[in-house]
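What follows is a single structure, written as structure tokens, with notes after it.
Number of protein chains: 6
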Amino acid sequence: MTISISEIFNFNSAHRLYNKNWDISKNLIEFGKCSFPNYHGHNYKLEVKLSGKVDINLGNTISRNKICDIVNKEIIQHLDHKNLNIEIPQFSNLIPTVENIAIVIWDILNKIFENKYNLEVKLYETERNFVVYKG
Amino acid sequence: MTISISEIFNFNSAHRLYNKNWDISKNLIEFGKCSFPNYHGHNYKLEVKLSGKVDINLGNTISRNKICDIVNKEIIQHLDHKNLNIEIPQFSNLIPTVENIAIVIWDILNKIFENKYNLEVKLYETERNFVVYKG
Amino acid sequence: MTISISEIFNFNSAHRLYNKNWDISKNLIEFGKCSFPNYHGHNYKLEVKLSGKVDINLGNTISRNKICDIVNKEIIQHLDHKNLNIEIPQFSNLIPTVENIAIVIWDILNKIFENKYNLEVKLYETERNFVVYKG
Amino acid sequence: MTISISEIFNFNSAHRLYNKNWDISKNLIEFGKCSFPNYHGHNYKLEVKLSGKVDINLGNTISRNKICDIVNKEIIQHLDHKNLNIEIPQFSNLIPTVENIAIVIWDILNKIFENKYNLEVKLYETERNFVVYKG
Amino acid sequence: MTISISEIFNFNSAHRLYNKNWDISKNLIEFGKCSFPNYHGHNYKLEVKLSGKVDINLGNTISRNKICDIVNKEIIQHLDHKNLNIEIPQFSNLIPTVENIAIVIWDILNKIFENKYNLEVKLYETERNFVVYKG
Amino acid sequence: MTISISEIFNFNSAHRLYNKNWDISKNLIEFGKCSFPNYHGHNYKLEVKLSGKVDINLGNTISRNKICDIVNKEIIQHLDHKNLNIEIPQFSNLIPTVENIAIVIWDILNKIFENKYNLEVKLYETERNFVVYKG
Chain A
486 MTISISEIFN FNSAHRLYNK NWDISKNLIE FGKCSFPNYH GHNYKLEVKL SGKVDINLGN
546 TISRNKICDI VNKEIIQHLD HKNLNIEIPQ FSNLIPTVEN IAIVIWDILN KIFENKYNLE
606 VKLYETERNF VVYKG
Chain B
486 MTISISEIFN FNSAHRLYNK NWDISKNLIE FGKCSFPNYH GHNYKLEVKL SGKVDINLGN
546 TISRNKICDI VNKEIIQHLD HKNLNIEIPQ FSNLIPTVEN IAIVIWDILN KIFENKYNLE
606 VKLYETERNF VVYKG
Chain C
486 MTISISEIFN FNSAHRLYNK NWDISKNLIE FGKCSFPNYH GHNYKLEVKL SGKVDINLGN
546 TISRNKICDI VNKEIIQHLD HKNLNIEIPQ FSNLIPTVEN IAIVIWDILN KIFENKYNLE
606 VKLYETERNF VVYKG
Chain D
486 MTISISEIFN FNSAHRLYNK NWDISKNLIE FGKCSFPNYH GHNYKLEVKL SGKVDINLGN
546 TISRNKICDI VNKEIIQHLD HKNLNIEIPQ FSNLIPTVEN IAIVIWDILN KIFENKYNLE
606 VKLYETERNF VVYKG
Chain E
486 MTISISEIFN FNSAHRLYNK NWDISKNLIE FGKCSFPNYH GHNYKLEVKL SGKVDINLGN
546 TISRNKICDI VNKEIIQHLD HKNLNIEIPQ FSNLIPTVEN IAIVIWDILN KIFENKYNLE
606 VKLYETERNF VVYKG
Chain F
486 MTISISEIFN FNSAHRLYNK NWDISKNLIE FGKCSFPNYH GHNYKLEVKL SGKVDINLGN
546 TISRNKICDI VNKEIIQHLD HKNLNIEIPQ FSNLIPTVEN IAIVIWDILN KIFENKYNLE
606 VKLYETERNF VVYKG
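So this is what it looks like as structure tokens:
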């Protein structure tokens with residue numbers, strides 16, 4: 486019998502939604518104000534969920550410290566206070582929608598957790614919209 | 486590999502829980518103060534979740550604008566600032582519990598989304614209780 | 486030196502905004518959908534704030550139990566799961582706006598607290614609007 | 486077609502994370518400040534989710550009152566304002582991590598609900614971490 | 486006797502904290518990661534509070550619609566999905582800290598409300614920090 | 486013209502409400518389950534508010550880093566994951582009610598801030614009750 490544990494993180498980044506293969510007016514039609522040229526930004530809220538059996542000696546599946554160390558080092562330091570379009574290699578040819586950001590985060594973390602723990606990522610872009618991705 | 490996207494909406498409605506086939510005292514036993522005759526109301530909070538593959542050109546499964554346009558037109562305008570028992574045809578013979586409201590919302594939206602997107606509806610009646618329905 | 490203590494309460498009521506001296510179209514202009522004839526409703530959230538010196542034997546100004554007993558008896562039982570326009574005498578000639586509801590609550594509580602404690606009432610109608618009243 | 490209904494509860498307890506088979510320094514390495522000897526505490530937030538078909542006469546799967554009565558009697562009175570390590574028999578030989586508390590709660594409730602309703606328990610220890618358990 | 490009414494708004498903007506009279510390393514010492522060159526961003530949450538006497542015919546001090554129309558037109562359209570440093574004239578020579586953004590908002594709104602209503606602005610930059618300004 | 490800035494912190498502690506000059510039954514009457522002998526605990530949420538003029542070079546009154554360094558060192562490290570009754574000298578003869586905890590925090594911080602900044606402390610014990618103290 487498995488249990489899932491979730492830890493919550495925050496990062497603050499700038500981005501814009503823009504498809505390089507389209508001109509400005511096509512981008513404006515598809516993405517509206519999210520395509521504005523000088524970027525806007527969000528307080529992203531990230532829930533990282535891991536599942537597994539509870540270790541009887543520790544009372545947990547994986548220690549909270551280990552999760553936080555990994556996510557802070559690999560995700561928060563990577564994305565926080567950054568411009569996702571300009572500074573993050575994963576978005577050099579990928580539009581940084583909340584969907585794609587969640588997939589990028591999942592890909593990074595799942596390699597480190599080595600496909601164990603049935604990783605799931607929930608990412609809020611605002612208080613009004615979020616995505617869930619589990620590979 | 487699919488991702489789910491959720492958009493959050495609010496509407497404020499009046500209702501009462503009352504089974505027309507029962508007398509007042511039986512209704513009071515089953516529904517308590519929720520059966521009071523002159524209605525009470527809630528700030529309903531609705532999460533609409535859709536799942537699918539990410540379109541590579543748009544970075545999303547379905548645009549946020551399209552979801553919002555449909556939900557605002559078909560659900561929010563239909564239920565907001567209304568008396569669910571009196572004004573909403575779906576509740577003429579159906580008790581407007583939070584369960585039944587969620588099912589009515591799901592039925593309306595799933596027809597419009599044409600059974601695509603694996604639609605799921607989460608509906609909060611108060612900060613202390615909610616339901617989840619996916620057909 | 487004084488300290489303030491706040492306790493938070495909830496009640497769910499139906500209401501409509503309607504001035505009896507005006508016709509329907511004038512009400513619609515002034516109050517919009519809030520004037521719809523069959524009522525809508527809200528999850529009201531109430532913060533009751535009292536201020537005073539800390540009693541050295543109890544470590545408080547007034548006990549939480551005393552505040553809760555009074556507010557539950559005088560306010561929550563009075564307003565919860567009621568139709569404010571129809572059932573609450575204070576609104577027989579007063580429009581139950583969030584402003585007037587807060588003033589009615591303050592008037593009831595301040596009589597009971599006998600003008601002590603510098604009573605302040607904060608009332609949320611939705612997560613997006615609230616009022617503060619202190620007499 | 487089934488629907489899930491969730492009710493939310495709170496309890497405030499003291500605990501420490503401590504494995505009796507290890508010395509203090511090993512506990513400190515594994516659990517950090519959570520192993521401090523004189524206990525700390527949390528405002529636990531509990532979501533109890535039950536699933537089933539909607540009864541056509543009642544408009545629900547199980548009444549909110551019945552859920553609240555059971556959870557308040559069997560869980561909240563059992564754990565609220567208690568020291569989990571000292572006072573709760575289930576933790577006499579089990580470390581009261583948020584994972585184990587959720588499993589204990591699930592085991593108690595699932596017996597009472599007699600394996601019906603596909604019980605799921607979500608337990609927040611803080612606003613930043615929670616677990617989900619469904620047996 | 487006056488009452489205050491508050492309306493809540495959101496906008497999402499990019500910014501960086503950078504004093505043009507200092508070099509990069511001095512900016513980094515003073516502002517840390519907030520000075521990073523390519524901008525980051527926030528979901529700003531704005532509470533606009535107005536105080537006054539309650540009009541007996543309307544039951545309010547000023548209509549919610551009027552407040553929302555003004556704030557949406559003058560503030561949200563002005564700042565939402567914008568780069569505060571590049572696109573907002575008020576910040577051409579003013580560092581867009583949360584303090585200065587609140588002051589700019591207050592100055593714009595107070596002119597429109599013509600010094601009536603004892604205007605107060607509360608601005609959250611994240612869930613962990615906010616400012617309050619009342620002129 | 487001054488502005489206030491608030492930073493939010495959390496700490497998790499155990500406590501009980503118990504007056505040493507009273508017997509157990511008198512304590513039980515006054516404090517209820519909060520007087521239970523083996524302690525319970527809370528996720529305390531602390532808002533530290535400081536007011537002052539905005540420095541034109543920095544765009545703030547006092548840097549967020551300085552506030553966080555002081556509060557983390559002097560308050561969070563002092564109270565977090567501790568038993569307030571047993572381990573905190575300030576409560577050796579003072580009942581650790583939320584009122585008294587707020588006063589103790591204010592006294593510590595106000596000495597460090599040297600009576601500048603018009604310090605105000607808001608302390609939540611649960612999501613349902615909080616105090617505000619400004620000396």
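Residue numbers (the numbering used here), protein chains in the order written: chain A, 486 to 620; chain B, 486 to 620; chain C, 486 to 620; chain D, 486 to 620; chain E, 486 to 620; chain F, 486 to 620.
We put the beta carbon where it would ideally sit given N, CA and C, even for glycine.
All values derive from a computational prediction rather than experimental measurement.
- Per the coordinates, the alpha-carbon of residue 620 of chain D lies some 9 angstroms from the alpha-carbon of residue 595 of chain D.
- About 6 angstroms separates the beta carbon of residue 524 of chain F from that of residue 524 of chain D, a gap short enough to meet the 8 angstroms contact definition.
- Leaving aside the five residues that flank residue 579 of chain E on each side, the residues in its chain whose CB is nearer than 6 angstroms to its CB run, in chain order, 585.
- Interface with chain A (9 angstroms Cβ-Cβ cutoff): residue 487 of chain E is excluded.
- Among the residues facing chain B, residue 588 of chain A is included, as its CB has a counterpart in that chain under 9 angstroms away.
- For residue 620 of chain B, no chain A residue has a Cβ inside 9 angstroms of its Cβ, as the nearest lies near 18 angstroms away.
- Shown in chain order are the members of the segment 497-518 of chain F whose Cβ falls below 9 angstroms from a Cβ of chain C: 502, 504, 506, 507, 515, 516 and 517.
- Here residue 617 of chain D is near residue 488 of chain A, since their CB atoms are less than 9 angstroms apart.
- Taking a C-beta distance under 9 angstroms as the contact criterion, residue 606 of chain D and residue 534 of chain D qualify as a contact pair.
- The beta carbon of residue 543 of chain E sits closer than 9 angstroms to some beta carbon of chain C.
- Any Cβ of chain A closer than 9 angstroms to the Cβ of residue 580 of chain E would place that residue at the interface, and such an atom is absent.
- Interface annotation for the segment 560-573 of chain F against chain D: 565, 566, 567, 568, 570, 571 and 572, criterion Cβ-Cβ distance under 9 angstroms.
- Within chain A, the C-beta atoms nearer than 7 angstroms to that of residue 615 of chain D come from 491, in chain order.
- Only buried fits residue 572 of chain C, as 16 or more other CB atoms lie within 10 angstroms of its CB.
- The C-beta separation of residue 532 of chain D from residue 491 of chain D comes to about 5 angstroms, placing the pair in contact by the 8 angstroms criterion.
- Around residue 546 of chain C, the beta-carbon contacts reaching into chain F at under 8 angstroms are 584.
- At a C-beta separation below 9 angstroms, residue 521 of chain C has these neighbours in chain B: 566, 567, 568 and 572.
- Against residue 539 of chain B, the close residues of chain A are 582, 584, 585 and 588, in the order they occur along the chain (beta-carbon pairs closer than 9 angstroms).
- For residue 534 of chain F, a Cβ of chain E is located within less than 9 angstroms of the residue's own Cβ.
- Counting along the chain, no beta strand (DSSP E) covers residue 584 of chain D; the unbroken alpha helix (DSSP H) around it starts and ends at 583-597.
- Near chain A, meaning a CB-to-CB distance below 7 angstroms, no residue of the segment 588-609 of chain B qualifies.
- Secondary structure at residue 496 of chain F: strand, using DSSP grouped into helix, strand and coil.
- Here DSSP, grouped into helix, strand and coil, assigns residue 556 of chain C to helix.
- When Cβ-Cβ separations below 9 angstroms define contact, residue 557 of chain B makes no contact with chain A.
- The segment 506-524 of chain B makes contact with the segment 539-558 of chain D; the number of CB pairs closer than 8 angstroms reaches 3 or more.
- Inter-residue distance for residue 494 of chain B and residue 552 of chain B is about 11 angstroms (C-alpha atoms, whole angstroms).
- By the beta-carbon neighbour count (other beta carbons within 10 angstroms, threshold 16), residue 560 of chain B is buried.
- The beta-carbon distance between residue 555 of chain E and residue 597 of chain E, rounded to whole angstroms, is 6 angstroms. This is short enough to meet the 8 angstroms contact definition.
- Counting the other CB atoms within 10 Å of its CB gives residue 610 of chain A a total of 16 or more, which places it among the buried residues.
- Within the model, the alpha-carbon separation for residue 604 of chain D versus residue 614 of chain B is close to 15 angstroms.
- The beta carbon of residue 495 of chain C sits closer than 9 angstroms to some beta carbon of chain B.
- Between residue 581 of chain B and residue 501 of chain B, the C-beta spacing is below 9 angstroms.
- About 5 angstroms separates the beta carbons of residue 564 of chain B and residue 496 of chain B, which is inside the 8 angstroms limit, making them a contact pair.
- In this structure residue 521 of chain C is in contact with residue 566 of chain B, their Cβ atoms being roughly 5 angstroms apart against a cut-off of 8 angstroms.
- Per the DSSP secondary-structure output, residue 533 of chain F pairs in a beta bridge with F:492 and F:606.
- CA-CA distance, residue 511 of chain B to residue 530 of chain D, rounds to 34 angstroms.
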